[in-house]
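Here's the structure we're looking at; comments come further down.
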Amino acid sequence: MYQLLKKLSFYLSLIKFSLIHPKSGLDLINEANQVSDDIKHEFKKFEFKPVSFSQALNLIFGKNEEIKDELTKIDDLEKHLKYFFENISGEYPSIEKPYPVDYSIVGESGPFLYRLCKLVKPELIVETGVAYGISSSYILKALDENNKGKLISIDSIFRPWQSKEMIGSAIPKNLRNRWELKIGTSEKILKKTLTTLPSIDIFLHDSLHTYKNMHYEFKTSWPFIKENGFLLSDDISSNNAFSDFYKSIKKEPIIMLQNQNSQSYLGILRK
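Each residue of the sequence shown is one higher than the one before, counting from 51 in the working numbering.
Here it is as structure tokens:
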């Protein structure tokens, strides 16, 4: 009975929020329709064998003996993130815990983002989807050590338990000076944001993992990425958007295994 009442309360809160904020209600309906449409389609297996974190870096930069030494520099960051999640209060979904604790980028992807940014030394990165800010933290850690670069993050608020204050709440305060947050869905503000910027070094998708949204983000961001820049995508096994996109631009991807114990992959394309 408790679970039934909890579920009923959840749906009533969504209905009430949608009536008060009709635009957010439309965003919720749009997301639900995209998810429903994806269920009807079968996922095609990758044509390329997934590789490990170190293999992915070797494919991009050649063998680099400094990787392990560099990764010791993120020990403090990882302790900070661990402490954040151990001490976050509330029960999902709630104002205190607006996202599941496993909602953000997982496994080896954080260290990969850090190392990639250390080696590339990007001036401008755009990411979609922030949640608590795990991927953002790894990127900003590298930018801080590089003493250059800026991260522009795009995320939306269209559920009653979400707030601007909780977006990126795990990011250490000393790393936020190179971070800018823009509120809105990718569909509404991604292209507008990109057209106001010079070309970007890295684009990272980690927002709504539906075919429509992912394919839109890929095709929208690709023209704005510098030559030899990178398009990265979390959760590429959610649907066929990533494989359809790299085939359309005739590029060979790197498929990186994010976690040895799960079928979770990071897609990497170099322009």
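The C-beta atom is built at its ideal place from N, Cα and C for all residues, glycine as well.
For clarity, every value in this text was computed on a predicted model and none was experimentally measured.
On the three-state DSSP scale, how would you describe residue i?
i    : result
D177 : One point to set straight first is that residue 177 is Glu, not Asp, in the sequence displayed. It is a strand residue.
K325 : Outside the shown range of the chain (51 to 321) lies residue 325, about which nothing can therefore be said.
K232 : strand
L319 : strand
H259 : coil
F208 : coil
I286 : helix
I299 : coil
L247 : coil
S293 : helix
Could you spell out the range, first to last residue, of the alpha helix (DSSP H) harbouring residue i?
i    : result
M306 : Where M306 is concerned, there is no enclosing alpha helix (DSSP H), although the beta strand (DSSP E) it sits in stretches over 304–307.
K191 : 184–196
R226 : From DSSP, R226 is part of no alpha helix (DSSP H); its letter is neither H nor E.
Y164 : 159–170
In its own chain, which residues sit with a C-beta less than 7 Å from the C-beta of residue i, not counting the 5 before and 5 after it?
i    : result
I239 : I204, K232
L55  : With a pLDDT of 48 at L55, under the threshold of 50, the modelled position of this residue cannot be trusted; read the value that follows with caution. Same-chain partners within the cutoff: there are none.
D256 : I155, E177, T178, G179, S185, D284
Measuring straight from C-alpha to C-alpha, what distance separates residue i and residue j?
i    : j    : result
I217 : T178 : 12 Å
G234 : N224 : 25 Å
F134 : Y149 : 13 Å
M264 : F280 : 15 Å
F274 : A181 : 24 Å
T246 : T270 : 14 Å
K242 : S236 : 9 Å
E128 : S293 : 32 Å
L121 : F162 : 9 Å
K168 : N137 : 30 Å
Among residues of its own chain, excluding the 5 on either side of residue i, which ones have a beta-carbon nearer than 6 Å to its beta-carbon?
i    : result
E146 : S139, G140
With a threshold of 8 Å on Cβ separation, who are the neighbours of residue i within its own chain once the five nearest residues in sequence on each side are excluded?
i    : result
E277 : K321
E207 : Glu is not the amino acid found at residue 207; the sequence shown has Ile there. Correct list, in chain order: S74, S213, K214, I217, I233.
L244 : V176, I250, T270, S271, F274
**Asked** Where are the beta strand (DSSP E) runs, 3 residues long or more, that stay fully inside the region 86–129, in chain order?
**Response** DSSP runs (the beta strand (DSSP E)) wholly in the region 86–129: none.
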